[in-house]
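Below is one structure, written out as structure tokens; comments come after it.
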Amino acid sequence: MEIQKKVTLVNKLSESERLSKIIEDFAEEKNFSLKFLFEIDVALDEILTNIVSYAYNDKAEHKILVRLFSLKDGLKIQVEDEGIAFNPLQKAEPDITKSVMERPIGGLGIHMVRKLVDELKYKRENNKNILTLIKINSST
Amino acid sequence: MKINQEKKGDVLILGLKGRLDSNTTGELEKTIVPLIEGGDHKIIIDFSELDYISSAGLRTLLLAAKKLKSVGGIIILCSMKEFIKEIFEMAGFTSIFKIVADLGEAENEVG
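Protein sequences, first through last, are from chains V and X.
For the first sequence, this note's numbering puts the final residue at 124, and the numbers step up evenly by one.
For the second sequence, this note's numbering puts the final residue at 114, and the numbers step up evenly by one.
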């Protein structure tokens, strides 16, 4: 059976590090590689940073709901926020072959998420953004 | 995050310790930008004690590289852990930064 955990975060940048520790505990008995956990951390950090930085038009505190599902060979993670509609799957890919002076500052977060996870799904439901990511723990 | 500063001749060595993420990248920016503007144009960044990096961290490094390039300066990164180097590869940053194995090599490179 799927093991599940629900975590409520607020829109603060420091929450990424807290979530990373929660995932580490959650996945403890799964013996995922350090590389797997590090990549999950970065992907979620990028997603949370985007939400905290761009999802709200006010300065109020907002809840971000994270659901963790343990899969046989990986993790499924769902991130739900009440911010403005944003579908990261529609974001254009940056050109990462440009030279130092040509490369824009920023705009790499979603690119990193795409690279770091195996599956990424988005839906807008009840005025919420729901992003689902799946990452498989490959043996390499 | 902690940033150690060491000056060897005209070379500035910044040692990063801990996490370079959206929460801490501002600290690096506030440290490195005034140093470059103050005349430090040969910079080595020592990653040996850095445990984590996200795109927010890459952002500040790119900013520093741009500022240095525009004044004819140089930036060398060294002693990067394998999973951090992987982030650089994913972002296409291995082609815009000189990344070497250790501090000794970085010091030779910077001349």
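Glycine residues also receive a C-beta, built at the ideal position from the N, C-alpha and C atoms.
| Check | Outcome |
| --- | --- |
| With a threshold of 8 Å on Cβ separation, who are the neighbours of cysteine 81 of chain X within its own chain once the five nearest residues in sequence on each side are excluded? | Ile47, Ile48, Asp49, Phe50, Ser51, Ile102, Val103, Ala104, Asp105, Leu106, Glu108 and Ala109 |
| Quick one: what does DSSP say isoleucine 89 of chain V is sitting in, helix, strand or coil? | coil |
| So, at 7 Å on beta carbons, what are the nonlocal neighbours of alanine 39 of chain V in its own chain, with the 5 sequence-adjacent residues on each side left out? | Asp65, Gly67, Ile68 and Phe70 |
| Below 8 Å CB to CB, which residues in the same chain sit around glutamate 40 of chain X once its five sequence neighbours on both sides are set aside? | Lys70 |
| Whole-angstrom Cβ separation of isoleucine 99 of chain X and valine 84 of chain V, contact assumed at under 8 Å? | 5 Å |
| Can you confirm whether lysine 69 of chain X, when its beta carbon is compared against all beta carbons of chain V, has any partner nearer than 8 Å? | yes |
| Along the chain, where does the alpha helix (DSSP H) containing lysine 72 of chain X start, and where does it finish? | 58 to 73 |
| Buried or exposed for threonine -8 of chain V, going by 16 or more other Cβ atoms inside 10 Å? | exposed |
| Mark glutamate -1 of chain V as exposed unless 16 or more other C-beta atoms lie within 10 angstroms of its C-beta, in which case mark it buried. | buried |
| Please list, in chain order, the residues of the segment 94 to 108 of chain X that have any C-beta partner in chain V closer than 9 Å. | Ala94, Gly95, Phe96, Ser98, Ile99 and Phe100 |
| How would you list, in chain order, the residues of chain X whose beta-carbon sits under 7 Å from the beta-carbon of aspartate 65 of chain V? | By Cβ distance, chain X contributes nothing, its closest Cβ being about 16 Å from aspartate 65 of chain V, past 7 Å. |
| Distance cutoff 8 Å, beta carbons only. Does isoleucine 90 of chain X sit that close to anything in chain V? | yes |
| Is alanine 69 of chain V helix, strand or coil when you go by DSSP? | coil |
| Which residue from X:Ile6, X:Gly12, X:Gly60 and X:Gln8 puts its Cα closest to that of asparagine 111 of chain X? | X:Gly12 |
| Compare the C-beta of serine 57 of chain X against all C-beta atoms of chain V and say whether one is closer than 8 Å. | yes |
| Mind pulling the chain X residues with CB within less than 7 Å of lysine 19 of chain V? | Phe86 |
| Under a three-way DSSP split, which group does tyrosine 55 of chain X fall into? | strand |
| Mind checking who tyrosine 106 of chain V pairs with in its DSSP beta bridge? | V:Leu115 |
| Among X:Lys33, X:Glu85, X:Lys72 and X:Phe91, which residue has its Cα nearest to the Cα of serine 57 of chain X? | X:Phe91 |
| Restricting to Cα atoms, I'd like to know which of V:Ile6, V:Asp29, V:Glu45 and V:Val101 is closest to lysine 119 of chain V. | V:Val101 |
| Tell me, please, whether the CB atom of serine 24 of chain X is closer than 8 Å to any CB atom in chain V? | The displayed chain sequence assigns aspartate, not serine, to residue 24 of chain X. For aspartate 24 of chain X, the answer is yes, since a Cβ of chain V falls inside 8 Å of its Cβ. |
| Let's test the definition: count the other Cβ atoms within 10 Å of the Cβ of leucine 18 of chain V and tell me whether it reaches 16, buried, or not, exposed. | exposed |
| By the three-class DSSP mapping on this structure, what secondary structure does glutamate 64 of chain V have? | strand |
| Along chain X, which residues have their Cβ under 7 Å away from the Cβ of valine 26 of chain V? | Ser57 and Ile90 |
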